[in-house]
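Visitor: Just dropping this structure here.
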Amino acid sequence: MGLTTHAGMTHRLDRATPATSDCSPQRTPHSAIPHQAMSQPAPTTPKDTPYSSLDTTAATPSIAQRCAYLTFQTSGVCYFAGGWLFLIGSILFYPRYTNLYDIAGEGPLIGGWLFLFGCVGFLIGSLIEVKNNRNAHKEGADWLRFIPITTSVSNVIGSILFVYGGVYFLPSYYAENPSLGCYLFIAGCTVFSFAIFVDVPRMIRANQPIFGLWTAVAVFNMAGNILFIVGSYYFLPKFLFVEDVDAAA
5 MGLTTHAGMT
15 HRLDRATPAT
25 SDCSPQRTPH
35 SAIPHQAMSQ
45 PAPTTPKDTP
55 YSSLDTTAAT
65 PSIAQRCAYL
75 TFQTSGVCYF
85 AGGWLFLIGS
95 ILFYPRYTNL
105 YDIAGEGPLI
115 GGWLFLFGCV
125 GFLIGSLIEV
135 KNNRNAHKEG
145 ADWLRFIPIT
155 TSVSNVIGSI
165 LFVYGGVYFL
175 PSYYAENPSL
185 GCYLFIAGCT
195 VFSFAIFVDV
205 PRMIRANQPI
215 FGLWTAVAVF
225 NMAGNILFIV
235 GSYYFLPKFL
245 FVEDVDAAA
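Throughout, the working numbering is defined as the position within the sequence shown, counted from one, plus 4.
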């Protein structure tokens with residue numbers, strides 16, 4: 005009788021006890037997991053995405069907002085305008101435009117002012133870069149976080165050299181020291197080239213493709229600096245004013 009009672013008690017205990025043991029973890033039903041917790045991606049650190057600064061979840065900006073952003077918050081417009089001013093100013097320094105509008109020396113005068121305004125455009129663009137990159141060093145863990153502000157400050161130094169050199173391409177200052185403006189332009193382009201080389205490790209960290217957009221921009225920028233250095237060197241007076249030996253004899 006006692007055995008029967010014990011067996012009955014055992015059977016009731018088996019029905020009341022769950023199949024899993026007390027030490028096994030309890031599983032949450034799949035439907036009880038919030039949808040946001042399932043679909044939310046793992047957070048990324050600024051070190052993983054050094055070039056991402058746009059909020060992709062924000063609404064698409066209008067054309068007016070894009071134009072305002074490109075004009076007042078990026079340096080591209082300033083560099084673009086400064087480059088065109090430099091190009092037009094360089095053309096006006098050709099000998100055939102010396103007496104522009106039948107005014108003696110009018111071409112170099114206008115070209116010198118275009119040079120100066122172009123240099124100011126570069127300076128404004130580099131200052132905008134400093135403004136945008138002044139807090140970039142806070143988004144990282146290693147020395148690469150200091151690259152944006154380093155390149156920006158380097159561009160400011162190069163732009164200041166350009167402005168100073170542009171002043172000496174005005175006819176009145178050019179007559180005093182015709183070589184100084186060329187040497188300042190060469191020094192400014194050298195600083196710009198330094199800024200490009202400094203930014204290379206950041207491009208490598210971002211896994212930029214060899215034939216990608218950022219690489220193309222850096223290559224063309226470097227090529228422009230080299231050509232500008234060569235052009236400034238051959239604009240020195242010793243290459244512009246060649247004495248006629250036969251006439252002098």
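Note that the Cβ used here is the ideal one computed from N, Cα and C, for glycine as well.
Please classify residue 86: is it buried, with 16 or more other beta-carbons within 10 angstroms of its beta-carbon, or exposed?
Guide: Buried, since its Cβ has 16 or more Cβ neighbours within 10 Å.
Visitor: Reducing DSSP to helix, strand and coil, say where residue 138 ends up.
Guide: coil
Visitor: Would DSSP call residue 176 helix, strand or coil?
Guide: helix
Visitor: What span of residues does the alpha helix (DSSP H) with residue 206 cover, start to end?
Guide: 204-209
Visitor: Note down, in chain order, each residue of its chain lying with its Cβ closer than 6 Å to the Cβ of residue 128, except the 5 sequence neighbours on either side.
Guide: Same-chain partners within the cutoff: 82.
Visitor: Need the endpoints of the alpha helix (DSSP H) that residue 218 sits in, please.
Guide: 217-237
Visitor: Distance check for residue 146 and residue 137, CA to CA, integer angstroms please.
Guide: 16 Å
Visitor: To the nearest angstrom, report how far apart residue 187 and residue 66 are at their CA atoms.
Guide: 44 Å
Visitor: Compute the Euclidean distance between the alpha carbons of residue 178 and residue 226, then round it to the nearest angstrom.
Guide: Going by the C-alpha atoms only, they are around 28 Å apart.
Visitor: Closest by CA to residue 201, which one among 168, 156, 163, 232?
Guide: Ranking 168, 156, 163, 232 by Cα distance to residue 201 puts 156 first.
Visitor: Do residue 148 and residue 70 have their C-beta atoms within less than 8 Å of each other?
Guide: no
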